[in-house]
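Q:
Numbering (this note's numbering), first residue to last: 44 to 129.
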């Protein structure tokens with residue numbers, strides 16, 4: 044016979060709730076929070092993908108942070124060289 048402590052629905056209903064709030068109504072989300080997080084899966088817990096080539100939309104790396112910083116440094120050096128040449 045099942046004990047009342049073994050009821051999974053009771054455990055789900057007593058779990059901590061998501062702390063996110065609706066922008067439109069201002070009411071809190073009523074979904075259970077993911078273990079170790081303060082929000083539910085729909086509001087960002089365990090969200091995101093891995094950066095770089097592991098990301099599903101990664102194409103060539105020309106827009107990565109490293110490439111952007113390198114491009115800025117090269118442009119700054121070229122600008123400085125033009126100023127000294129003139």
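Just so you know, even glycine gets a beta-carbon here, dropped at the ideal spot from N, CA and C.
Find out if the Cβ-Cβ distance for the pair residue 58, residue 75 is shorter than 7 Å.
A: Yes. Within cutoff.
Q: Measure the CB-CB distance between residue 81 and residue 62 and report whether it falls below 7 Å.
A: Yes. Within cutoff.
Q: Confirm, please, whether the CB-CB distance from residue 92 to residue 86 is below 7 Å.
A: Their beta carbons are not under 7 Å apart, which means residue 86 does not touch residue 92 by this criterion.
Q: Report the three-state DSSP secondary structure of residue 99 (helix, strand or coil).
A: In the structure shown, residue 99 sits in coil (DSSP, three-state: anything other than H, G, I, E or B).
Q: Got a sec, what are the start and stop residues for the alpha helix (DSSP H) residue 115 sits in?
A: Residues 108-128.
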